[in-house]
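Engineer: Each residue of the sequence shown is one higher than the last, beginning at 1 in UniProt numbering. C-beta: ideal position from N, C-alpha, C; glycine also. If you're wondering where the values come from, they're calculated on a predicted model, not measured in any experiment.
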Amino acid sequence: MSGSVETSFRRAIRGGVEHQQLVELQSVLDSVILSSATDRWYFSLFSSGDFSVKEVRLAIDNMVLPSHDVPTRWVKFIPIKINVFMWRARRDCLPTRHNLAHKGVSLESLSCPICSLETEDIHHLLFSCSLAQEVLKRVCRWWDLDYQLWSSFSEWETWLSSIRLTVHIKSILEGVFYVSWWFIWGFRNRFIFEDIKPVRSRLFDDIVSSSFLWCNSRTVQIRMMKKANSTIRQRNQKSEWEEEKEIMRVGLLVPEGFLLSHNLIFSGVTVPSSEGSPKKA
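#1: I'd like the list of long-range same chain contacts for S162, defined as Cβ closer than 7 Å, with 5 residues on each side in sequence excluded.
#2: Using only alpha-carbon positions, find the residue among W159, R188 and W185 that is nearest to E174.
#3: Identify whether T7 lies in helix, strand or coil by the three-state DSSP scheme.
#4: Find out if the Cβ-Cβ distance for the pair L110, A101 is shorter than 8 Å.
#5: Along the chain, where does the alpha helix (DSSP H) that runs through C215 open and close?
#6: Leaving out the 5 sequence neighbours to the left and right, which residues in its chain are closer than 8 Å to Y178 when beta-carbon positions are compared?
#7: The alpha helix (DSSP H) spanning S180 covers which residue range?
#8: In chain order, what residues of the same chain lie with their CB nearer than 6 Å to the CB of C140, ignoring the 5 residues before and after it?
#9: In terms of alpha-carbon separation, which member of G104, L22 and A132 lies closest to C115?
#10: Considering Cα atoms alone, identify which of F183, V28, P113 and F187 is closest to F5.
#11: Can you tell which of T219, F193, S154 and T166 has its C-alpha closest to the C-alpha of P71?
#12: Report yes if the CB atom of L136 is closer than 8 Å to the CB atom of T96, and no otherwise.
#13: Could you tell me whether the Cβ atoms of W181 and A89 are closer together than 8 Å?
#14: To the nearest angstrom, report how far apart K197 and F191 are at their CA atoms.
#15: According to DSSP, is S52 helix, strand or coil?
#16: Tell me the DSSP bridge mates of S111?
#17: Taking buried to mean at least 16 other C-beta atoms within 10 Å of its own C-beta, is H98 buried or exposed?
#18: Span of the alpha helix (DSSP H) holding T72?
#19: Measuring straight from C-alpha to C-alpha, what distance separates F212 and S106?
#20: If you follow the alpha helix (DSSP H) that T158 is part of, which residue opens it and which one closes it?
#21: Could you check which residue in W185, V53, S8 and L22 has the C-alpha nearest to that of E120?
#22: Measure the beta-carbon distance from I207 to F183 and round it to whole angstroms, keeping in mind my assumption that it falls under 8 Å.
#23: Cβ of L22 within 8 Å of Cβ of I13?
#24: Tell me which residues share the same chain as R218 and place their Cβ nearer than 7 Å to its Cβ, disregarding the 5 neighbours each side in the sequence.
#25: Could you tell me the alpha carbon to alpha carbon distance between S47 and E55, rounded to whole angstroms?
#26: What did DSSP end up calling A37 once you bin it into helix, strand or coil?
#27: Can you tell me whether C129 is helix, strand or coil according to DSSP?
#28: Ordered along the chain, which non-local residues of its own chain (more than five positions away) have a Cβ less than 6 Å from that of F127?
#29: Straight-line CA distance for N216 to I80?
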């Protein structure tokens, strides 16, 4: 920067502190190089220097929103509302007492309303709470699996990936766990806000019946596929590819399992056996 900044002052600089401040100011200005270009606004957040609402929004989201490397998992055998609930739960976006307090909401207590042993965060509510452990143990016993004590979704996903089941059956099992967590969250809300407390002993039965209803409505039993297969061949005498397209059109080409592949018998629900005859749990 040419010239001295001292020439722009209304009076001469005295010695002492003023002189020292002038020296420091001059050393800073000496490194400044002014160009002959027209002055413009420069957005220092990005190298281009151009302001963009989109880029600002992305920068704010990166600082505020939680980041997750694990992609979102969607299970097609359960309703969308439960998939959305699990999407929020995995990102710790549910209004647990810990999250409410973090957002500045005044609460009488941060303890779990069900067990009152620990602070209610998402991992305690869905994994460590006595209610969650009881429900998950019964789910594993129902599916004839060894129960493990999980403390996070990552530990549970590691356990799920290690199970020796077909892809379709494992997806249904994942959906059953989602349904279980959804009912645990609903039980927690009713326990807090309703005058009549929910019955704890009925929780698992509700999980079983709802899992059966939702998964069965989104899958088709083997006998229905065989019947449709035989009918299409006898009446239309189509090729295998045309037959497969016809099955897809009427909604019959879906994964087997849940009912016949594992011959699961739900409590209080009539379920066809592998021979086609109904059984009562």
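Structural biologist: Taking the structure as given:
#1: none
#2: W159
#3: helix
#4: yes
#5: L203 to S217
#6: V75, I78, I82, N83, F85 and M86
#7: V167 to F193
#8: Y147
#9: A132
#10: Residue 5 is actually Val in this sequence, not Phe. The residue with the shortest Cα to Cα distance from V5 is V28.
#11: S154
#12: no
#13: yes
#14: 5 Å
#15: coil
#16: T119
#17: buried
#18: Element bounds for T72: n/a, residue is neither H nor E.
#19: 40 Å
#20: F153 to S162
#21: W185
#22: 5 Å
#23: yes
#24: K76 and F77
#25: 12 Å
#26: coil
#27: coil
#28: W150 and S151
#29: 15 Å
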